[in-house]
Amino acid sequence: MKNNLMNFYEQSLEIRYFEEKLLQLFSEGKISGTTHTCIGQENNAVGVISALKKNDIVLSNHRCHGHFLKHTKNFHGLLYEILGSKKGVCGGIGGSQHLFFRKIFYSNGILGGNAPMAAGLALASKKEKLNKIICLFIGDGAFGEGTIFETLNLISILNLPILIVIEDNGIAQTTNTKNTLSNSVEEICKSFSIKTTVLKYEDAINIYNKTKILAKDVRKNKPNILVLKSTRLGPHSKGDDTRPKKELKKIAELDPLKKLERKIKNGKINKTRKKIQKKIEKIFNEVKLNTVLENKFEQNLENLNKQKNLNYLTNEKIFDNFNGKRFGEKVNFFFHHILKKDKKIFFLGEDIDDPYGGAFKISKGLKTKFNNQVFSTPISEASITGLASGMSIQGFKPIVEIMFGDFLTLTFDQIVNNISKFHEMYNKGISNPIIIRTPMGGRRGYGPTHSQSLEKFFLGIHGLNVYALNTLFPIQNIYHDAFQNFGPNLIIENKTQYNFILDDLKKQEFSQFSIKHDIESFKTELSLTNFSDDKATIITYGGLTELIIEYVFEYYLETEIPIKIVSLAKLNPINIKNIKNSLKNMDKVLVAEESDGKYGFSSEIISNLSEDKECKNIDFKRITSNKGVIPASVDLEKKYFINKDKLFDIMNKLLDNA
Ligand SMILES: Cc1ncc(C[n+]2csc(CCOP(=O)(O)OP(=O)(O)O)c2C)c(N)n1
Ligand SMILES: [Mg+2]
Numbered sequence: 029m030k031n032n033l034m035n036f037y038e039q040s041l042e043i044r045y046f047e048e049k050l051l052q053l054f055s056e057g058k059i060s061g062t063t064h065t066c067i068g069q070e071n072n073a074v075g076v077i078s079a080l081k082k083n084d085i086v087l088s089n090h091r092c093h094g095h096f097l098k099h100t101k102n103f104h105g106l107l108y109e110i111l112g113s114k115k116g117v118c119g120g121i122g123g124s125q126h127l128f129f130r131k132i133f134y135s136n137g138i139l140g141g142n143a144p145m146a147a148g149l150a151l152a153s154k155k156e157k158l159n160k161i162i163c164l165f166i167g168d169g170a171f172g173e174g175t176i177f178e179t180l181n182l183i184s185i186l187n188l189p190i191l192i193v194i195e196d197n198g199i200a201q202t203t204n205t206k207n208t209l210s211n212s213v214e215e216i217c218k219s220f221s222i223k224t225t226v227l228k229y230e231d232a233i234n235i236y237n238k239t240k241i242l243a244k245d246v247r248k249n250k251p252n253i254l255v256l257k258s259t260r261l262g263p264h265s266k267g268d269d270t271r272p273k274k275e276l277k278k279i280a281e282l283d284p285l286k287k288l289e290r291k292i293k294n295g296k297i298n299k300t301r302k303k304i305q306k307k308i309e310k311i312f313n314e315v316k317l318n319t320v321l322e323n324k325f326e327q328n329l330e331n332l333n334k335q336k337n338l339n340y341l342t343n344e345k346i347f348d349n350f351n352g353k354r355f356g357e358k359v360n361f362f363f364h365h366i367l368k369k370d371k372k373i374f375f376l377g378e379d380i381d382d383p384y385g386g387a388f389k390i391s392k393g394l395k396t397k398f399n400n401q402v403f404s405t406p407i408s409e410a411s412i413t414g415l416a417s418g419m420s421i422q423g424f425k426p427i428v429e430i431m432f433g434d435f436l437t438l439t440f441d442q443i444v445n446n447i448s449k450f451h452e453m454y455n456k457g458i459s460n461p462i463i464i465r466t467p468m469g470g471r472r473g474y475g476p477t478h479s480q481s482l483e484k485f486f487l488g489i490h491g492l493n494v495y496a497l498n499t500l501f502p503i504q505n506i507y508h509d510a511f512q513n514f515g516p517n518l519i520i521e522n523k524t525q526y527n528f529i530l531d532d533l534k535k536q537e538f539s540q541f542s543i544k545h546d547i548e549s550f551k552t553e554l555s556l557t558n559f560s561d562d563k564a565t566i567i568t569y570g571g572l573t574e575l576i577i578e579y580v581f582e583y584y585l586e587t588e589i590p591i592k593i594v595s596l597a598k599l600n601p602i603n604i605k606n607i608k609n610s611l612k613n614m615d616k617v618l619v620a621e622e623s624d625g626k627y628g629f630s631s632e633i634i635s636n637l638s639e640d641k642e643c644k645n646i647d648f649k650r651i652t653s654n655k656g657v658i659p660a661s662v663d664l665e666k667k668y669f670i671n672k673d674k675l676f677d678i679m680n681k682l683l684d685n686a
């Protein structure tokens, strides 16, 4: 389509009439939920996106219809979506705010949430030399969000091909943003050393002309920001406009359509309006009568995530003899192996460069050997996680190190409201199997904010896979599984494990146990009776595994009572059947977890098993750490966590072994 006055006018009218019709349907009660129209801001969508290429990627927010319609032309798909139909672009799951189309359009209703993802898409585009621009639309209200600042910093230091368009309409919902922002958005952006251009209430043509110039710059990997002073002529959503009538009358004068009309000959205006009105009516009628073909949304889901090249994980001998070495060195070696074998793996995290090599040395040597695949990031847990998501959508396999598990809380919104949802929310059109790995747990004297086991907060999240390393279960099988998931993965490591000397573990109590791995079920079972005569079972995971082995061995020496151990390497989703298979003829079960246990792993396992008739004869108990803040003092910390005395005591109670 030619970029001329009449075309811009027609496209703006299309968006205007489409949204006016939507509002009408809402008022008639024919659509439920919510919607945010861009009435008064159509010129932004038309002007900016006309200056982009067809395959450039556009990201947007709650006020996304205009951007979507201009970039995808899929009027039917959007209307079906808003009506909740399966024929909608997101199968009716996304609705008005959560749109997706063929990997060229993404919107999400969490303000600022997809900014880091945009940076990740841009980094992927730059690394792969795709010559694509990533264009992110955000509002001025989003400038209260931390992810925006983290992302501005990231795109500036990484020189990413990203154009951020700020639709600065001076209002967020009903609040004047003058009252909530410390400075103008352009001044804030400039402070990140990003070229920032401001256009004040311009029509689509002027916006187009300016964007064309900026886009050239962006394509050369120079991030740019375009601030478009705009007017939201309508309410925030459907009827929530608290602005005085006088103000509304004043801003109506700034209607960008009127501005275009002033440049058009009178005779043409009415004719064009009628033509576009007819076009939109036709679309609404077709959708109403359901006469449009099945959605033309050609997603080849079969090919989405077929990871064909993961043989280096399961078909090759990765580890030589690690006797005498620490588990942390083994994990570090593993990353050397996979970064070498798979150039799509991208390792990122805070302070991971050499010579330091990360707070626990797990990344030591990686930067030196694999410079292009390793990125020591700013201290921005949320945004580096979102960045990884954007990269993974484009086929990379990012591994994000979160320095301490405690800091995982900063990634929570990215995981819950963004990354774990995308696969389903975007109608299975994308997969983003990033890996977030982090050390959890205490016993190092690090105190209240560096010793917690917070995984329980991440165990019930749909779409998030959670694994826990132990020194026995093969790491490579965990990564093999994780890379093939459609959504994100959290891999819990443990600070104490890094220091275990693998050889020592073998020589001592380990050698007394029979060990069975069930790779498919992510389960390791240990028994002192070759699985014939254990009197109780302890179910645990991660860093407690080795500790429980030690205690169970000592308990046996003291009481001659053998206890079986089941260590799980995958915590979410859990497969209760697999756990049940390890409990045949067992009537005493103890579940051990290092957190304080409330609403956690043990609660979930015990409640699931209790609901199962076949487990009705089992007595359950759990052992966890104490309640409260984790003390830094060595003595207090020892009392806080699970220890030998506590375990013996609870085991005696379970077995009636007074
Ligand atoms: C993280 C988050 N907080 C709050 C909201 C609720 N909300 C939706 S839109 C909006 C105002 C956004 O203002 P702005 O970014 O200026 O965009 P505009 O609506 O003006 O286009 C708010 C508060 C949200 N969707 N996400
Ligand atoms: Mg606003």
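Heads up: the sequence shown runs through residues 29 to 686, numbered per the working numbering.
Each residue gets a CB set at the ideal place from its N, CA and C atoms; glycine is no exception.
**Prompt:** Since residue 676 is in the alpha helix (DSSP H), which residue starts that stretch and which ends it?
**Reply:** Run containing residue 676: 672-682, per the alpha helix (DSSP H) assignment.
**Message:** Taking a contact to mean a Cβ-Cβ separation below 8 Å, would you say residue 408 touches residue 515 in this structure?
**Reply:** Not a contact, by the Cβ cut-off of 8 Å.
**Asked** Using 8 Å as the threshold, is the segment 245-259 in touch with the segment 179-197, meaning 3 or more CB pairs across them?
**Response** The answer is yes - the segment 179-197 touches the segment 245-259, with three or more Cβ pairs under 8 Å.
**Message:** When you compare the CB positions of residue 663 and residue 615, do they come within less than 8 Å of one another, or not?
**Reply:** Contact annotation: residue 663 and residue 615 have beta-carbon atoms that are not nearer than 8 Å.
**Asked** Are three or more beta carbon pairs between the segment 652-668 and the segment 677-684 nearer than 8 Å?
**Response** Because the criterion of three Cβ pairs below 8 Å is not met, the segment 652-668 and the segment 677-684 do not touch.
**C-alpha distance - residue 172 paired with residue 204, whole-angstrom precision** = When rounded, the distance between both Cα atoms is 13 Å.
**Asked** Under 8 Å, do residue 166 and residue 153 count as touching if we go by C-beta distance?
**Response** Contact flag unset, no.
**Request:** Report buried or exposed for residue 284, applying the criterion of at least 16 other Cβ atoms within 10 angstroms of its Cβ.
**Result:** Buried is the call here.
**Asked** Closest by CA to residue 96, which one among 118, 524, 129?
**Response** With distances taken between Cα atoms, residue 96 lies closest to 129.
**Prompt:** For residue 202, which of 182, 260, 365 has the nearest alpha-carbon?
**Reply:** Comparing Cα-Cα distances from residue 202 to each of 182, 260, 365, the minimum goes to 260.
**Message:** Closer than 7 Å to a non-hydrogen atom of ligand 2 - does that hold for the CB of residue 197?
**Reply:** Yes, the Cβ of residue 197 comes within 7 Å of a heavy atom of ligand 2.
**Message:** Just to confirm the assignment: which complete beta strand (DSSP E) runs, minimum length 3, are found wholly within the segment 108-170?
**Reply:** The qualifying runs are 133-135, 162-167.
**Prompt:** Under three-state DSSP, which class holds residue 378?
**Reply:** DSSP places residue 378 in strand when its eight states are reduced to three.
**Request:** From the DSSP output, read off the bridge partner residues of residue 619.
**Result:** Partner(s): 567, 650.
**Request:** Figure out for me which residue from 573, 540, 561 has the closest Cα to the Cα of residue 552.
**Result:** Here the closest residue by C-alpha is 573.
**Message:** So, at 7 Å on beta carbons, what are the nonlocal neighbours of residue 102 in its own chain, with the 5 sequence-adjacent residues on each side left out?
**Reply:** Here the set comprises 117, 129.
**Item:** Separation of residue 446 from residue 139, as counted between CA atoms
**Value:** Spanning the alpha carbons of residue 139 and residue 446 requires a straight line of approximately 11 Å.
**Message:** Please state the DSSP three-state secondary structure of residue 560.
**Reply:** Coil, per DSSP.
**Request:** Give me the Cα-Cα distance between residue 347 and residue 390, rounded to the nearest whole angstrom.
**Result:** Their backbone Cα atoms lie some 16 Å apart in a straight line.
**Request:** With a floor of 4 residues, list each alpha helix (DSSP H) that falls wholly inside the segment 387-462, ordered by position along the chain.
**Result:** If you keep only unbroken alpha helix (DSSP H) runs of at least 4 residues inside the segment 387-462, you get 394-397, 409-421, 448-453.
**Prompt:** Quick one: what does DSSP say residue 593 is sitting in, helix, strand or coil?
**Reply:** Note: residue 593 maps to strand in three-state DSSP.
**Asked** Which of the three DSSP states, helix, strand or coil, is assigned to residue 196?
**Response** If DSSP states are grouped into helix, strand and coil, residue 196 belongs with the strands.
**Prompt:** Between 135, 289, 486, 434, which lies nearest to residue 100 when the distance is taken from Cα to Cα?
**Reply:** Residue 135 is the option with its Cα nearest to residue 100.
**Message:** DSSP three-state label for residue 254, please.
**Reply:** Strand, per DSSP.
**Asked** Does DSSP classify residue 40 as helix, strand or coil?
**Response** Looking at residue 40 - three-state DSSP - the assignment turns out to be helix.
**Request:** Under 8 Å Cβ to Cβ from residue 301, same chain only, skipping five residues before and after it: list those, please.
**Result:** Excluding residues up to 5 positions away in sequence, 41 lie with their Cβ nearer than 8 Å to the Cβ of residue 301 in the same chain.
**Asked** Roughly how far, in whole angstroms, is the beta-carbon of residue 580 from the beta-carbon of residue 566, given that I think they are within contact range, below 8 Å?
**Response** The beta carbons of residue 580 and residue 566 sit about 7 Å from each other, so the pair counts as a contact at 8 Å.
**Cβ shell of residue 602 (< 6 Å), same chain only, five flanking positions each side left out** = Around residue 602: no qualifying Cβ.
**Candidates 617, 622, 651, of which the one nearest residue 637 by Cα** = Measuring C-alpha to C-alpha distances from residue 637 to each of 617, 622, 651 identifies 617 as the nearest.
**Request:** Output the boundary residues of the beta strand (DSSP E) element that contains residue 86.
**Result:** In this chain, the beta strand (DSSP E) harbouring residue 86 covers 85-88.
**Asked** Pick from 263, 212, 150, 230: whose alpha carbon is nearest that of residue 62?
**Response** Comparing Cα positions, the closest option is 263.
**Item:** residue 275: first and last residue of the uninterrupted alpha helix (DSSP H) it sits in
**Value:** Counted as a single uninterrupted DSSP element, the alpha helix (DSSP H) harbouring residue 275 occupies residues 273-280.
**Asked** Does the separation of the CB atoms of residue 49 and residue 312 fall below 8 Å?
**Response** For residue 49 and residue 312, yes; Cβs fall inside 8 Å.
**Neighbourhood of residue 583 by C-beta, 7 Å cutoff - its chain only, sequence neighbours within 5 removed** = Take residue 583, set aside five residues on each side of it, and the residues of its chain with a beta-carbon closer than 7 Å to its own are 589, 591, 676, 679, in chain order.
**Request:** Specify, as a first and last residue, the run of the beta strand (DSSP E) that residue 542 falls within.
**Result:** According to the DSSP assignment, residue 542 belongs to the beta strand (DSSP E) that extends over 542-546.
**Request:** Take the Cβ of residue 292 as the centre, count every other Cβ of all protein chains shown within 10 Å, and call the residue buried at 16 or more, exposed below.
**Result:** The residue in question, residue 292, is exposed, as its Cβ has fewer than 16 Cβ neighbours within 10 Å.
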